[in-house]
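Numbering (our numbering), first residue to last: 1351 to 1899.
Now the structure itself:
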């Protein structure tokens, strides 16, 4: 009986042990394997993970997928929150990535979700890490150029990106089993990132050199939409840089008081760029700069022109007024200046006529000459005293010359007004005025020519130096024994019977004809004979005030 009871006890004990073993095998050991699998996973040990995973049942493999998914999410969140670094995360995700290739072969029900989830983790983590490395690359390029560590940083970026780049910036097949969604999402992330950086630049939060480094780095690292965005931004940045450069140029001109040049340049530049899509945001800025220039010009040029007038720099004042008027028009009020400049010569001539006799006597005493034929010192002031006056614009320059003349003798005194000063240009004994207002045919009264019987000289007025030049002349004596034609002298001597005919000089008739032709050539310049200027409204000297004003 005791023996039988012992056997029964042993049998029951064996059954309990077997049940425990079975329970261990069914419930405890799989749990231990999952714990081991977890330990290997958090260490990033792919070999250990694969070894344990291979020993799991199909159901347990499904659980392993869930475990890896939880690990990926947990470590990714720790990285994003800054609790671990990227290298620590990368070891774990790399092991899970390698496990994904094994999982795909088993065709588990949770395999698709697992692949999708860990890729999301990988993508989220890489966005942060790639952005960090992108900044490192751009900062290095901005600070040290390509001579520093820039190229090495580019390689580091590409290693994180997990793509192999080939010549031309195109992307070859993935080194690792990354989905197209990953590539597209990273591309979209940096497309948005580049645009965000550029907006910060436009808002003044990023310096020009830094945004250029971001642009250059983007073109080095990206393809697809991110590269296209960088290229578009580069084009716009270049255009905006040109806008800024021109804006600064015109602003500097305004600061230096070059208002005419600045506004003239601004008007032409804005007209050229007005329809440019990128220029629309700058249009108001340029218009405000122009407005500032006009305000400053309106306060500067009127007084500046008056200052030039006070300094008797009439030509300078007129030139400046013309420039300002052409660029600004009615934007700068120059009414007073225009009125003065249009009449300043009247004031100058008026002041001269107030003391005409004394002023003329002083001018004649200076010996104003026109060639060798007309010198003011040879004028008899009693017989040459002017009795009539008129204005005539000889050179068409806009400011007329003052002509005083003696209607009986033809002695004529021609004055010009330059820079507010009245100068005697010449004293001529006028025979006629030419078809060209600058030409006057006169009779010499000085020197050898003054004693001749027939004498003509063609004089031409030049406003640039306020004087007359001799263009042509001819004169002869009463008995036809001496001729001078434009400086060539001919003297007729009594015939010497002892000389052969061929040695007696030119024939008298030939010389006379040559002289007559020269006289006629000068006469052909004539419009009207007489000392009164053609189309003039001459008045007596005593009426000078009414005539001038």
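Glycine included, every Cβ here is placed at the ideal spot set by N, Cα and C.
Requested in this report: In angstroms with no decimal places, state the Cα-to-Cα distance between residue 1408 and residue 1489.
Outcome: Position 58 of the chain shown, counted from the start, is the residue given in the question as residue 1408. Position 139 of the chain shown, counted from the start, is the residue given in the question as residue 1489. Straight-line Cα distance between these residues: approximately 51 angstroms.
Please state the DSSP three-state secondary structure of residue 1788. Translated into positions along the chain shown, residue 1788 becomes position 438. Three-state DSSP puts residue 1788 in coil, outside helix and strand.
When the distance is taken between beta carbons, is residue 1770 closer than 8 angstroms to residue 1694? Sequence index remark: in the chain shown, residue 1694 carries index 344 (1-based). Sequence index remark: in the chain shown, residue 1770 carries index 420 (1-based). Closer than 8 angstroms, so yes.
Exercise. Helix, strand or coil: how does DSSP classify residue 1876 here?
Worked result: The residue you call residue 1876 lines up with position 526 of the chain shown. DSSP places residue 1876 in strand when its eight states are reduced to three.
TODO: Helix, strand or coil for residue 1720, going by three-state DSSP, please let me know.
DONE: Taking the first residue of the chain shown as 1, we reach residue 1720 at position 370. Strand.
Using the C-alpha atoms, what's the distance from residue 1890 back to residue 1741? Residue mapping note: residue 1741 aligns to position 391 of the chain shown, counting from 1. Residue mapping note: residue 1890 aligns to position 540 of the chain shown, counting from 1. Straight-line Cα distance between these residues: approximately 12 angstroms.
*Straight-line Cα distance separating residue 1722 from residue 1802*: Along the chain shown, read from residue 1 onward, the residue named residue 1802 stands at position 452. Along the chain shown, read from residue 1 onward, the residue named residue 1722 stands at position 372. If you draw a straight line from the Cα of residue 1802 to the Cα of residue 1722, it comes to about 14 angstroms.
Please look up how many angstroms separate the CB atoms of residue 1811 and residue 1868, rounded, as I've assumed it's under 8 angstroms. Taking the chain shown and counting its residues from 1, one reaches residue 1811 at position 461. Taking the chain shown and counting its residues from 1, one reaches residue 1868 at position 518. Not a contact, Cβ separation roughly 22 angstroms.
Legend entry - Alpha-carbon spacing of residue 1751 relative to residue 1798, whole angstroms: Taking the first residue of the chain shown as position 1, residue 1751 is located at position 401. Taking the first residue of the chain shown as position 1, residue 1798 is located at position 448. So the alpha carbons of these two residues sit roughly 30 angstroms apart.
**Prompt:** Hey, out of 1452, 1415, 1425, 1428, whose CA is closest to residue 1397's CA?
**Reply:** Translated into the one-based positions of the chain shown, residue 1397 becomes position 47. Residue 1452 is the option with its Cα nearest to residue 1397.
Looking at the unbroken alpha helix (DSSP H) that takes in residue 1913, where does it start and where does it end?
A question about residue 1913 goes unanswered here, because the residues of the chain that appear run from 1351 up to 1899.
Next item on the list: Assuming residue 1787 contacts residue 1746 (C-beta within less than 8 angstroms), just tell me the rounded distance between them.
Entry: By 1-based counting over the chain shown, the position of residue 1787 is 437. By 1-based counting over the chain shown, the position of residue 1746 is 396. Between residue 1746 and residue 1787 the Cβ distance is about 7 angstroms, and since that is below 8 angstroms, they are a contact.
| Host beta strand (DSSP E) of residue 1834 (start-end) | If you number the chain shown from 1, residue 1834 lands on position 484. First-last of the beta strand (DSSP E) with residue 1834: 1832 to 1835.
**Message:** Output needed for residue 1715: all residues of its chain with C-beta closer than 8 angstroms, excluding positions within five of it in sequence on either side, in chain order.
**Reply:** Along the chain shown, read from residue 1 onward, the residue named residue 1715 stands at position 365. Answer for residue 1715: 1726, 1727, listed in chain order.
*Could you tell me whether the Cβ atoms of residue 1547 and residue 1536 are closer together than 8 angstroms?*
Walking along the chain shown from the start, residue 1547 turns up at place 197. Walking along the chain shown from the start, residue 1536 turns up at place 186. The answer is no: Cβ separation not under 8 angstroms.
### Contacting residues, own chain, Cβ-Cβ under 7 angstroms from residue 1688 (five flanking each side not counted)
Here the question's residue 1688 lines up with position 338 in the chain shown. The residues are 1671.
- residue 1522 to residue 1541 span [Cα, whole Å]: Residue 1522 sits at position 172 when you count from the first residue of the chain shown. Residue 1541 sits at position 191 when you count from the first residue of the chain shown. Residue placement at residue 1522 is flagged as unreliable, the pLDDT there being 42, under the threshold of 50; the coordinate-derived value follows with that caveat. Near 20 angstroms, if we compare the C-alpha coordinates of residue 1541 and residue 1522.
Under 8 angstroms by Cβ, that's how I've got residue 1833 and residue 1865 pegged, so tell me the actual separation to the nearest angstrom.
-> Working through the chain shown from its first residue, we reach residue 1833 at position 483. Working through the chain shown from its first residue, we reach residue 1865 at position 515. Right, the Cβ-Cβ distance comes to about 5 angstroms (below 8 angstroms), so this counts as a contact.
Report task. Determine, using beta carbons only, whether residue 1872 and residue 1828 come nearer to each other than 8 angstroms. Result -> Here residue 1872 is taken as the residue at index 522 of the chain shown, counted from 1. Here residue 1828 is taken as the residue at index 478 of the chain shown, counted from 1. Contact flag unset, no.
query = Helix, strand or coil for residue 1659 per DSSP?
reply = Here residue 1659 is taken as the residue at index 309 of the chain shown, counted from 1. Helix, per DSSP.
CB contact below 8 angstroms: residue 1568 versus chain B:
Given the protein chain composition of this structure (a single chain), no chain B is represented.
- Grab me the residues of residue 1887's own chain with a C-beta within less than 7 angstroms of its C-beta, minus the 5 sequence neighbours each way, in chain order. Position 537 of the chain shown, counted from the first residue, corresponds to residue 1887. If we look at residue 1887 and ignore the five residues flanking it on each side, its Cβ neighbours are 1740.
- What beta strand (DSSP E) runs, 3 residues minimum, are completely inside the stretch 1763 to 1821? 1771 to 1784, 1789 to 1792, 1804 to 1812
Considering only their Cβ atoms, is the gap separating residue 1636 from residue 1656 smaller than 8 angstroms? In the chain shown, counting from the first residue as 1, residue 1656 sits at position 306. In the chain shown, counting from the first residue as 1, residue 1636 sits at position 286. For residue 1656 and residue 1636, no; Cβs fall outside 8 angstroms.
Using DSSP with H/G/I as helix, E/B as strand and the rest coil, what is residue 1583?
Sequence index remark: in the chain shown, residue 1583 carries index 233 (1-based). Residue state, collapsed to three classes: helix.
Please classify residue 1734: is it buried, with 16 or more other beta-carbons within 10 angstroms of its beta-carbon, or exposed?
One-based indexing of the chain shown puts residue 1734 at position 384. Classification for residue 1734: buried.
**Item:** Integer Cβ distance of residue 1648 from residue 1683, believed to fall under 8 angstroms
**Value:** If you number the chain shown from 1, residue 1648 lands on position 298. If you number the chain shown from 1, residue 1683 lands on position 333. Residue 1648 to residue 1683, Cβ: 7 angstroms. Contact.
In whole angstroms, give me the CA-to-CA distance for residue 1445 and residue 1503. For the purposes of this step, residue 1445 is identified with residue 95 of the chain shown, where counting begins at 1. For the purposes of this step, residue 1503 is identified with residue 153 of the chain shown, where counting begins at 1. C-alpha separation (whole angstroms): 25 angstroms.
Could you have a look at residue 1900 and say whether DSSP puts it in helix, strand or coil? Coverage of the chain is limited to positions 1351 through 1899, which leaves residue 1900 absent and any answer about it impossible.
Residues near residue 1390 by beta carbon distance below 6 angstroms, same chain, minus five either side:
The sequence position of residue 1390 within the chain shown is 40, counting from 1. Cβ neighbours of residue 1390 beyond the five flanking positions: 1398, 1399.
| message | Taking only three categories from DSSP, how would you classify residue 1555? | response | Taking the chain shown and counting its residues from 1, one reaches residue 1555 at position 205. Coil.
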